[in-house]
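Here the structure comes first, spelled out in structure tokens, and everything after it is commentary.
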Amino acid sequence: MVENSLPDDPTPPPARTVPLDAWHRALGGRMVVFAGYSLPVQYDFTGNLATRCRGGVMAEHLHCRAKAALFDVSHMGQAWLIGAAAAPALEALVPGDIIGLRPGRQRYTLLTNEAGGILDDLMVSRMAEDRLFLVVNASRKEDDLAHIAANLPNGVRLEPIEDRALLALQGPRAATVMTRLSPAASSLPFMGSASLDIAGIPCLVSRSGYTGEDGFEISVPADRAEALAGALLAEDEVVPAGLGARDSLRLEAGLCLYGNDIDELTSPVEAGLGWAIGKRRRETWDFPGGEAIADQARNAPSRLRVGLRPDGRAPARAGTMIVAADGTEAGFVTSGGFSPTLNAPIAMGYVRRDLAAPGTRLNLMVRGKPLSAQVAPMPFVPHRYAR
Amino acid sequence: MPFTDQSHHETRFTKEHEWVRMEGDIATVGITEHAQEALGDIVFIELPEVGRALDRDEACAVVESVKAASDVYAPLAGTVVEINEPVVEDPTRVSKDAEGTAWFFRLRLTDPASFASLMDEAAYKAFVESL
Numbered sequence: 030m031v032e033n034s035l036p037d038d039p040t041p042p043p044a045r046t047v048p049l050d051a052w053h054r055a056l057g058g059r060m061v062v063f064a065g066y067s068l069p070v071q072y073d074f075t076g077n078l079a080t081r082c083r084g085g086v087m088a089e090h091l092h093c094r095a096k097a098a099l100f101d102v103s104h105m106g107q108a109w110l111i112g113a114a115a116a117p118a119l120e121a122l123v124p125g126d127i128i129g130l131r132p133g134r135q136r137y138t139l140l141t142n143e144a145g146g147i148l149d150d151l152m153v154s155r156m157a158e159d160r161l162f163l164v165v166n167a168s169r170k171e172d173d174l175a176h177i178a179a180n181l182p183n184g185v186r187l188e189p190i191e192d193r194a195l196l197a198l199q200g201p202r203a204a205t206v207m208t209r210l211s212p213a214a215s216s217l218p219f220m221g222s223a224s225l226d227i228a229g230i231p232c233l234v235s236r237s238g239y240t241g242e243d244g245f246e247i248s249v250p251a252d253r254a255e256a257l258a259g260a261l262l263a264e265d266e267v268v269p270a271g272l273g274a275r276d277s278l279r280l281e282a283g284l285c286l287y288g289n290d291i292d293e294l295t296s297p298v299e300a301g302l303g304w305a306i307g308k309r310r311r312e313t314w315d316f317p318g319g320e321a322i323a324d325q326a327r328n329a330p331s332r333l334r335v336g337l338r339p340d341g342r343a344p345a346r347a348g349t350m351i352v353a354a355d356g357t358e359a360g361f362v363t364s365g366g367f368s369p370t371l372n373a374p375i376a377m378g379y380v381r382r383d384l385a386a387p388g389t390r391l392n393l394m395v396r397g398k399p400l401s402a403q404v405a406p407m408p409f410v411p412h413r414y415a416r
Numbered sequence: 066m067p068f069t070d071q072s073h074h075e076t077r078f079t080k081e082h083e084w085v086r087m088e089g090d091i092a093t094v095g096i097t098e099h100a101q102e103a104l105g106d107i108v109f110i111e112l113p114e115v116g117r118a119l120d121r122d123e124a125c126a127v128v129e130s131v132k133a134a135s136d137v138y139a140p141l142a143g144t145v146v147e148i149n150e151p152v153v154e155d156p157t158r159v160s161k162d163a164e165g166t167a168w169f170f171r172l173r174l175t176d177p178a179s180f181a182s183l184m185d186e187a188a189y190k191a192f193v194e195s196l
């Protein structure tokens, strides 16, 4: 008998499906549940696609770096923030300059809490003077939308978007492919956004992504998602890629995963996201947690997010303890895996400020044994954004 | 090591997706084709030291794919007498021949009769299909 046993776990709710669920399965997607959604982690390709890419995390990853990969990120939260005062309303909740965001431009920003922690990271596009398009993390969307809605002035309204899919086409050939389907797409600058017809389908498109490559994120009506995905896949350069490759690509690019690398207990300064604090906002620090964050920016935080390159081939996963050369506690790994591009393990994590300089030697405690590593600059693989 | 035709030796399986092949009181252990397929691209393998005594079901080796780390367990109690260095040097060998040349380690079993307690091929096949 186990004392104080918990009641039996309730049956977990069934995973939610994305509009392209059947499409992924038909293409050989290995479906997993991520943030409550059933999504492909990788594919086992057959037929014509198998001649382009053998499938699997490694091959899909390398295909994205070489040509173009299509990701389904429909689990992410999409929403409109509408009203003449939409920009100042959002600006009150984030450190980014949203009032200064011009129509047709997109910005990465953060929802912060009063302690200076990060509630979520998000993309904001100004689609019109009175209209912001938001994309937030799947795992955070309910909380984010409730938080934003609870802090809006009269005349600004938040409209969650439930009837659109979100696709990302990423890679050095993404622009070539998009130009064939939408001549206007190639004129979008990096971090630009626009309403465009792609293969005749009305979409919201931004020139951005989560891989470090040039690419596009495309919001499409759910009932046209399969037609759009099919049109993109009809291009020889494109293969679908799953969540596995998405994660290894963003890690190589040094990009944070919310819940791993940033959360309510990490600040933008510690996370190396100080660049997301708008210039004007640095004069007033008038956003949630502004005072705490200003203090860190002036006095340097006690720890910093850094890149790590373990010696040898063993990856160090999230949660691995980091120990300084003198045996003192140094920090912990927040994301770690194997880089297909570098053919070597890579990781990121937080270390004491005195240990954060590139080249600093550290030990990662992997399965009880010290694994030698050094602090490395990020990104691990250079970004190749359209500039 | 002299060439031995392993096809004459019976292979048995565990629920942790290891295969075990007996020659005398030496058991050769590897991961199954099903496990290899499920793990995806294997990038790193760590094997136990020769001479290490293992309890049945003790975690003793690690397989890392791009996605995640997985433990490999001792299918039966015994002492490690040999490890397959070439799979450590080139983990991609496992994707090519998981149930043959890409074996992981060899154990001198504490109780050779314990081999009979493992699943035979038909039982393992049924187990995999039930997953």
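One line per chain: the protein sequences are A and B, in this order. So in our numbering, spot 324 of the first sequence is number 353, and the numbers just go up one at a time. So in our numbering, spot 57 of the second sequence is number 122, and the numbers just go up one at a time. Glycine is no exception: its CB is placed at the ideal position from the N, C-alpha and C atoms.
Which listed residue (the options) has its alpha carbon closest to that of residue i
i: B/Ile-148; options: B/Ala-187, B/Thr-93, B/Lys-80 and B/Met-87; result: B/Thr-93
i: A/Leu-371; options: A/Pro-411, A/Ala-213 and A/Ser-401; result: A/Pro-411
i: A/Ala-28; options: A/Pro-182, A/Val-165, A/Glu-358 and A/Leu-391; result: Within the shown structure, residues of chain A are numbered from 30 to 416, placing residue 28 of chain A beyond reach of any answer.
i: A/Pro-48; options: A/Arg-390, A/Thr-141 and A/Val-102; result: A/Val-102
i: A/Pro-42; options: A/Phe-367, A/Ser-67 and A/Leu-56; result: A/Ser-67
i: B/Thr-144; options: B/Ala-163, B/Arg-173, B/Ala-126 and B/Trp-168; result: B/Arg-173
i: A/Ala-118; options: A/Trp-52, A/Leu-187, A/Met-156 and A/Arg-54; result: A/Leu-187
i: A/Ala-55; options: A/Ser-401, A/Gly-76, A/Arg-382 and A/Leu-272; result: A/Gly-76
i: A/Asp-172; options: A/Arg-275, A/Val-268 and A/Thr-141; result: A/Thr-141
i: A/Arg-236; options: A/Ala-116, A/Ala-343 and A/Ser-154; result: A/Ser-154
i: B/Val-108; options: A/Met-377, A/Gln-403, A/Ala-402 and A/Ser-368; result: A/Ser-368
i: A/Ile-147; options: A/Pro-406, A/Ala-321 and A/Ala-353; result: A/Ala-321
i: B/Ile-110; options: A/Ile-127, A/Glu-158 and A/Gly-341; result: A/Gly-341
i: A/Leu-281; options: A/Ala-405, A/Gln-71, A/Gly-129 and A/Ile-127; result: Strictly speaking, residue 281 of chain A in this sequence is Glu, with Leu absent from that position. Of A/Ala-405, A/Gln-71, A/Gly-129 and A/Ile-127, the residue nearest in Cα terms is A/Ala-405.
i: B/Ser-130; options: B/Val-193, B/Ala-188, B/Pro-177 and B/Asp-155; result: B/Asp-155
i: B/Pro-164; options: B/Phe-192, B/Leu-119, B/Glu-98 and B/Gly-89; result: This sequence places Glu at residue 164 of chain B; Pro is not what is there. Ranking B/Phe-192, B/Leu-119, B/Glu-98 and B/Gly-89 by Cα distance to B/Glu-164 puts B/Glu-98 first.
Straight-line Cα distance separating residue j from residue i
i: A/Phe-409; j: A/Leu-286; result: 15 Å
i: A/His-176; j: A/Gly-184; result: 17 Å
i: B/Phe-78; j: B/Ser-179; result: 12 Å
i: A/Ala-204; j: A/Lys-96; result: 10 Å
i: A/Met-30; j: B/Tyr-138; result: Any reading at A/Met-30 must be qualified, since the residue scores a pLDDT of 36, below 50, and its modelled position is unreliable; no value is offered.
i: B/Thr-166; j: B/Val-152; result: 9 Å
i: A/Gly-112; j: A/Ala-305; result: 24 Å
i: A/Val-380; j: A/Thr-389; result: 11 Å
i: A/Glu-120; j: A/Ala-108; result: 16 Å
i: A/Glu-191; j: A/Ala-79; result: 33 Å
i: A/Pro-387; j: A/Arg-59; result: 38 Å
i: A/Thr-240; j: A/Ala-251; result: 24 Å
i: B/Glu-81; j: B/Pro-140; result: 8 Å
i: A/Thr-46; j: A/Ala-329; result: 44 Å
i: B/Met-30; j: A/Arg-332; result: This structure leaves residue 30 of chain B out entirely; chain B is present only between 66 and 196.
i: A/Glu-358; j: A/Ser-364; result: 18 Å
i: A/Met-377; j: B/Ala-103; result: 26 Å
i: B/Leu-196; j: B/Glu-186; result: 16 Å
Where residue i sits in the DSSP three-state scheme
i: A/Ala-175; result: helix
i: A/Leu-280; result: helix
i: A/Asp-252; result: helix
i: B/Glu-81; result: coil
i: B/Ser-135; result: strand
i: A/Asn-445; result: This structure cannot settle anything about residue 445 of chain A, because the visible part of chain A is limited to 30 through 416.
i: A/Ala-144; result: coil
i: A/Arg-381; result: strand
i: B/Ala-181; result: helix
i: A/Asn-357; result: For the record, residue 357 of chain A in the displayed sequence is Thr; it is not Asn. Of the three classes helix, strand and coil, the one that applies to A/Thr-357 here is coil, per DSSP.
i: B/Asp-155; result: coil
i: A/Cys-232; result: strand
i: B/Leu-141; result: coil
i: A/Phe-162; result: strand
i: A/Met-394; result: strand
i: B/Phe-192; result: helix
i: A/Glu-312; result: helix
i: A/Thr-75; result: coil
i: B/Trp-168; result: coil
i: A/Leu-139; result: strand
Check: residue i C-beta below 7 Å from any heavy atom of the ligand NAD
i: A/Lys-398; result: Among the ligands in the structure shown, none appear at all, so the ligand NAD cannot be discussed.
For the stretch 85-109 of chain B, which residues have a CB atom closer than 7 Å to at least one CB atom of chain A, in sequence order? Gly-105, Asp-106, Val-108 and Phe-109
Below 8 Å, can you find three or more Cβ-Cβ pairs linking the stretch 310-323 of chain A to the stretch 390-410 of chain A? no
contact_flag[the stretch 217-224 of chain A, the stretch 128-139 of chain A] where n(CB pairs < 8 Å) is 3 or more: yes
Do three or more CB pairs link the stretch 341-357 of chain A to the stretch 291-306 of chain A at distances below 8 Å? no
Which of the residues in the stretch 107-136 of chain B, read from start to end, lie with their CB under 8 Å from any CB of chain A? Val-108, Phe-109, Glu-111, Val-127, Glu-129, Ser-130, Val-131, Lys-132, Ala-133 and Ala-134
Measuring CB atoms only, is the stretch 198-213 of chain A touching the stretch 360-378 of chain A, in the sense that at least three cross pairs come out at less than 8 Å? no
Listed from N- to C-terminal order along the chain, which residues in the stretch 55-73 of chain A have their beta-carbon within a distance smaller than 8 Å of any beta-carbon of chain B? Val-70 and Gln-71
In the stretch 361-378 of chain A, which residues sit with their C-beta less than 8 Å from some C-beta in chain B, listed in chain order? Gly-366, Phe-367, Pro-369 and Pro-374
With 8 Å as the limit, tell me which residues of the stretch 394-409 of chain A have their beta carbon closer than that to any beta carbon of chain B; keep them in chain order. Arg-396
Could you list the residues in the stretch 82-99 of chain A with a C-beta less than 9 Å from some C-beta on chain B, going in chain order? Gly-85, Val-86, Met-87, Ala-88 and His-90
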